[in-house]
Amino acid sequence: MQHTLSILLQNEAGALVRVAGLFAARGHNIDTLTVAPTADPAVSHLMLTVRGDDAALSQILQQTRKLVDVLQVQHATHA
Amino acid sequence: MPLLKPTPVAEAEPAVAHHPLAGTAMSGADVVVQVLADEGVEVLFGYSGGAILPVYDAVFRHNAEHLKPDGSEPMPLIVPANEQGAGFMAAGFARASGKVGVAVVTSGPGATNMVTPVRDSAADSIPMVVICGQVATQAIGSDAFQEAPVSNIMSPCAKHVFLVTEAEKLEATLRTAFTIARSGRPGPVVVDVPKDVQNATVVFDGKQELPLPGYRARLRAIEQATLSDADCDAFFQALLQAKRPLIYAGGGVIASGSSALLRDFADSFGLPVTTTLMGIGSFDTTHPLALNMLGMHGTAYANYAVEDCDFLFALGARFDDRVASVPSQFAPKAKFIAHIDIDPAEINKVKAADWHHVGPLDRALQRLTQYGKAHGHQPALADWHAHVAALKRKHAMNYDRESTLIQPYAVLEEINRHTQGRAIISTGVGQHQMWAAQYLDFRSPRHWLTSGSMGTMGFGLPAAVGAQFARRDALVIDVDGDASIRMNLGELETVTTYGLPVKVLVLNNVGDGMVRQWQKLFFKGRFASSDKSLHRKDFVRAAEADGFGWARRLERREDLAATIAEFLAFDGPAFLEVMIDPDAGVYPMVGPGANYSQMITGDFIPARQAAQTGEAAASDAF
Chain A
0 MQHTLSILLQ NEAGALVRVA GLFAARGHNI DTLTVAPTAD PAVSHLMLTV RGDDAALSQI
60 LQQTRKLVDV LQVQHATHA
Chain B
0 MPLLKPTPVA EAEPAVAHHP LAGTAMSGAD VVVQVLADEG VEVLFGYSGG AILPVYDAVF
60 RHNAEHLKPD GSEPMPLIVP ANEQGAGFMA AGFARASGKV GVAVVTSGPG ATNMVTPVRD
120 SAADSIPMVV ICGQVATQAI GSDAFQEAPV SNIMSPCAKH VFLVTEAEKL EATLRTAFTI
180 ARSGRPGPVV VDVPKDVQNA TVVFDGKQEL PLPGYRARLR AIEQATLSDA DCDAFFQALL
240 QAKRPLIYAG GGVIASGSSA LLRDFADSFG LPVTTTLMGI GSFDTTHPLA LNMLGMHGTA
300 YANYAVEDCD FLFALGARFD DRVASVPSQF APKAKFIAHI DIDPAEINKV KAADWHHVGP
360 LDRALQRLTQ YGKAHGHQPA LADWHAHVAA LKRKHAMNYD RESTLIQPYA VLEEINRHTQ
420 GRAIISTGVG QHQMWAAQYL DFRSPRHWLT SGSMGTMGFG LPAAVGAQFA RRDALVIDVD
480 GDASIRMNLG ELETVTTYGL PVKVLVLNNV GDGMVRQWQK LFFKGRFASS DKSLHRKDFV
540 RAAEADGFGW ARRLERREDL AATIAEFLAF DGPAFLEVMI DPDAGVYPMV GPGANYSQMI
600 TGDFIPARQA AQTGEAAASD AF
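From first to last, the protein sequence lines stand for chains A and B. Under numbering that gives the first Met the number 0, the first residue of the first sequence carries the number 0, and numbering increases by one thereafter. Under numbering that gives the first Met the number 0, the first residue of the second sequence carries the number 0, and numbering increases by one thereafter.
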C-alpha cells in the first residue's frame, strides 16, 4: 500500500539527510520526494511517498517523530 | 547578628540566570569549555589532533586556572590509546554514574573512530555528548586533510548531530546537546565544531539554548503524561484476574532511576521479576522474587516462567530479538501484556500491548503502587510463588563441577563470593559476557556495564576505565575474553597511566568462544577463523609491559581460590588471565528462531522438554 507523508522540518544542516537516512536505515524505499519552502524560512515542507503495511507505516511514523529536527509528521493519504 | 546560612537550592535563582561571565567576549573554544563546566562535567575523554587543538588548549588553561584546593584539575582530560577507547570510557562513565559522558576528539579519523561508541550508546540509550573538531567551514567539502562528513556519518548512529556553522550558535548548541542527551530516551549527541568556529570571538550569554520546537513539544507531552484512575483501574482489573503475573524489566528501569520503585511495586503485589541483559541491576538478584535474566541465554527458570506467565508487565524493555526471537511465540500464555516505556515507538513495535503507557517510568510505577495499595488490591499468588520457587530449584544454573579443567562459571562464582554483588562489572562481548550475566549477583543498578544491543567486542576495558573515574572508590572489574580484550588492548596502558585500581580478568578459551559455540551447533564444528591456538600473545607479559604491578596467569584449578583472593585484594591495577576449559559453553541457550520451550539447557541444567535448536537456526536468524 502506498502512503503519502507530509513532514515539516527545521531547516538545519543535515536535516534532510537524517529523514532520508532514517527511511533507508529502516528498510523503506522512498518512491517520491519533494521539498518546498514554507512561509517560515526556518521550516521546510517535505512530501514523500513510501509503501508498506499498516504496522510498517505506524513504526516509520513513530521513528520519524523522534528526529530532533522534525516539527510535525502527518499521514496525508494512502492509496 | 544574622547568621549566614546557605541558600536552599529551591529558593536560589537558576544559576544560569546571572552567569558571572554573561556578556564576556571569549573564543569559541573557551565557550565549549565554559559550557562543559556549567554542565558539571567532571572528566573528559579524548584524543587530540589538529582540528580540535583550540578546545584542548582551552581545557588546559581552564584546568590550570581553576585548580581544586587539593591541587587536582576540575576537568581532567583522559587520553586513551584510540578514540574508540575514549568513547567507551565516556559511555562507561555515563553508565556507572547516570550522568552525561563527554568525549572530545579531532576531525576525520578521530571522529570516525568514535562511530562505534556513538552507535553503541544510541542502541543502549546511554547519554553522551561527543564534541568533534572539524576542518574550517570554508574547507568543508574540499577533501581537506583529516576531513570526514561527520554529520552524514553520525546522523543515523546518534540521537542527534549538530554541525555548528555559525559561531554565535555554538553556546546554545552545546547546551542543547546536553538537554537532548539526557532527556526522554537518553542517547548520544554529536557536536561537530569547525576550527574557525573554535577560534572565532563571541559574546558569552550564559543560558542560551536552541528552541527545538518539535522535540521539546513532544518531550513535554511525554514527560507530563500521567496515569488516570481509569488507566490504573484497567491495569489492576487485569492483574487481579491473573494467576501467574510476571515483570519483565529492561534498561529503562535503570535509565529512569526507578529501581527502588520497581522493588516497592514487586514487594507490594508479589510479582516475580526477570530482567533483560540491560536491566541487570534494576532488581536485586538476591531477592526471593528475582528470576535473573531472561532470553537467549537467560536462566532456565526465568524463561520457563515467561512460558508459564498469564500476565506480562514490560517496564522500559523493548522485546528485542535476544528476548523475543519469535515474537508470536514469546510468552504464549500471556493473556494480558502491559507495557510502559518513554519511547512511543517501542509500544506495539514487536509485541502488541493490551495496556500501555508512554511516560516517565518512575512516576508511573509510583502511581500504580499508590493506587493499588489505596484500593487494597492484593493478587493471590501463593500458587505462582510456589511454582516459581520450584522452577528456580529444579532448573538452577549448574555446570560440570567435577571437571579437571578450570570452568569459567567457577571463576565467576569465586569472584561473586568476594564481591557479593557490590562490584562494578564491565564486560566484552561473547561467552564471558553471558557467564558474567548469569553467575554474578547485582544488588543495585549501574554496576553492570555491558554492550547489550550492539554487542561491541572491546567494550569492557575502556568502559571499566570510565567507570573508575565515575566511582573512584568502587571495586571495578573488567570481566573480559581473550578475543574481546584484544580489540582495545591498548587501553591497558591507560589503566596504569592514570593509576586506576581496575581489575582486569581475562577468561582465555583461546579464541572466539561464542562464535565457536554457534559453529559447533550450526556449522558442523568447522571453526572458521575462530580458533586462536596459534596466536602468540602472552597476555601477562603484555600487561607487565604496560605497567601492571600484578599480572598472573592461572592454569591450575587448585590455585583458583587463592589467586582470585590475591587478585581482588591487590592495591592497584591487577591483571589475571585464566586458562579456562575451551569447550565450556553458554547454557541455557534459546537457539535463533526457537522459542523458550525449545531451550537447550546443556548437560547440567535439567530441561522440561526435549530441546531444539530452532528451525531457522542455520539459515537467516542471527
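All C-beta atoms, glycine included, are put in the ideal place defined by N, C-alpha and C.
CB of residue i within 8 Å of CB of residue j, strictly
{"i": "B:V190", "j": "B:M153", "result": "no"}
{"i": "B:D340", "j": "B:G251", "result": "yes"}
{"i": "B:R551", "j": "B:L575", "result": "yes"}
{"i": "B:F441", "j": "B:G294", "result": "no"}
{"i": "A:V79", "j": "A:L4", "result": "Absent from the model: residue 79 of chain A. The displayed extent of chain A is 0 to 78, so no value can be given."}
{"i": "B:Q133", "j": "B:V149", "result": "yes"}
{"i": "B:A436", "j": "B:N508", "result": "no"}
{"i": "B:G205", "j": "B:S124", "result": "no"}
{"i": "B:R471", "j": "B:G97", "result": "no"}
{"i": "B:T175", "j": "B:L260", "result": "no"}
{"i": "B:K531", "j": "B:G512", "result": "no"}
{"i": "B:G91", "j": "B:A463", "result": "yes"}
{"i": "B:C156", "j": "B:R118", "result": "yes"}
{"i": "B:G420", "j": "B:G315", "result": "no"}
{"i": "B:F177", "j": "B:V128", "result": "yes"}
{"i": "B:R540", "j": "B:S529", "result": "no"}
{"i": "B:V428", "j": "B:T455", "result": "yes"}
{"i": "B:I77", "j": "B:Y408", "result": "no"}
{"i": "B:L169", "j": "B:V201", "result": "yes"}
{"i": "B:G465", "j": "B:M486", "result": "no"}
{"i": "A:R25", "j": "A:Q1", "result": "no"}
{"i": "B:A63", "j": "B:V31", "result": "no"}
{"i": "B:Q406", "j": "B:D580", "result": "yes"}
{"i": "B:P53", "j": "B:Q145", "result": "no"}
Supposed contact pair residue j and residue i - C-beta distance, whole angstroms, cut 8 Å
{"i": "B:L290", "j": "B:A299", "result": "That belief does not hold up - the Cβ atoms of B:L290 and B:A299 are roughly 10 Å apart, past 8 Å."}
{"i": "B:A85", "j": "B:G45", "result": "5 Å"}
{"i": "B:M578", "j": "B:E557", "result": "So it is not a contact: roughly 14 Å between Cβ atoms."}
{"i": "B:A330", "j": "B:V305", "result": "5 Å"}
{"i": "B:H356", "j": "B:M588", "result": "Actually they are not in contact, since the Cβ atoms of B:H356 and B:M588 sit about 33 Å apart, beyond 8 Å."}
{"i": "B:P75", "j": "B:K67", "result": "Not really, about 10 Å apart at Cβ, beyond 8 Å."}
{"i": "A:V72", "j": "A:L60", "result": "6 Å"}
{"i": "B:R94", "j": "B:L448", "result": "5 Å"}
{"i": "B:A625", "j": "B:A147", "result": "Residue 625 of chain B cannot be examined here, being either before or after the span of chain B that is shown, 0 to 621."}
Residues that residue i bridges to, as DSSP identifies them
{"i": "B:P108", "result": "Partner(s): none; B:P108 has no beta bridge."}
{"i": "B:D602", "result": "DSSP lists no partner for B:D602."}
{"i": "B:D530", "result": "B:G510"}
{"i": "B:G622", "result": "Residue 622 of chain B lies beyond the range of chain B shown here (0 to 621); nothing can be said about it."}
{"i": "B:G45", "result": "B:V103"}
{"i": "B:Y247", "result": "B:T273 and B:A313"}
{"i": "B:G132", "result": "B:V192"}
{"i": "B:R552", "result": "B:E576"}
{"i": "A:L125", "result": "Outside the displayed range of chain A (0 to 78) lies residue 125 of chain A, so it cannot be described from this structure."}
{"i": "B:L76", "result": "B:L43"}
{"i": "B:W434", "result": "Note: B:W434 sits in no beta bridge, so no partner."}
{"i": "B:W354", "result": "B:A337"}
{"i": "B:A24", "result": "B:V202"}
{"i": "B:M588", "result": "B:I599"}
Per-residue contacts from residue i into chain E (C-beta, under 7 Å)
{"i": "A:A35", "result": "Annotation note: the requested chain E is absent from the structure, which comprises protein chains A and B."}
Quiz item: Can you give, in chain order, each stretch of the beta strand (DSSP E) that sits fully within the stretch 372 to 430 of chain B and has at least 3 residues?
Solution: 423 to 426
Practice problem: Take every Cβ of the stretch 300 to 317 of chain B, pair it with every Cβ of the stretch 330 to 339 of chain B, and state whether three or more of those distances are shorter than 8 Å. | Solution: yes
Quiz item: Does the count of Cβ pairs from the stretch 26 to 43 of chain B and the stretch 219 to 239 of chain B closer than 8 Å reach three?
Solution: no
Practice problem: Determine contact between the stretch 358 to 370 of chain B and the stretch 252 to 261 of chain B, defined as no fewer than three beta-carbon pairs at a distance below 8 Å. | Solution: yes
Quiz item: Considering only residues of the stretch 146 to 227 of chain B, which uninterrupted beta strand (DSSP E) runs meet the minimum length of 3 residues and lie entirely inside it, listed in chain order?
Solution: 159 to 162, 187 to 193 and 200 to 202
Self-check item: Cβ contact check for the stretch 50 to 68 of chain A and the stretch 16 to 30 of chain A: 3 or more pairs under 8 Å
Solution: yes
Quiz item: Does the stretch 430 to 437 of chain B touch the stretch 469 to 483 of chain B, meaning 3 or more C-beta pairs lie closer than 8 Å?
Solution: yes
Quiz item: Are three or more beta carbon pairs between the stretch 487 to 498 of chain B and the stretch 531 to 551 of chain B nearer than 8 Å?
Solution: yes
Quiz item: What are the uninterrupted segments assigned as beta strand (DSSP E) that are 3 or more residues long and contained completely in the stretch 442 to 506 of chain B, given in chain order?
Solution: 475 to 480
Quiz item: For the 8 Å Cβ check, are there 3 or more pairs between the stretch 593 to 607 of chain B and the stretch 413 to 432 of chain B?
Solution: no
Quiz prompt | Unbroken stretches of the alpha helix (DSSP H), 4 residues or longer, contained in the stretch 19 to 69 of chain A | solution = 53 to 64
Quiz prompt | Uninterrupted alpha helix (DSSP H) stretches inside the stretch 286 to 350 of chain B (no shorter than 4 residues) | solution = 299 to 307
Quiz item: How do the stretch 282 to 289 of chain B and the stretch 409 to 418 of chain B stand: do at least 3 beta-carbon pairs fall below 8 Å, yes or no?
Solution: no
Quiz item: Using 8 Å as the Cβ pair cut-off and three pairs as the minimum, do the stretch 263 to 275 of chain B and the stretch 369 to 379 of chain B touch?
Solution: yes
Self-check item: Stretch pair the stretch 208 to 218 of chain B + the stretch 23 to 31 of chain B: three plus CB contacts closer than 8 Å
Solution: no
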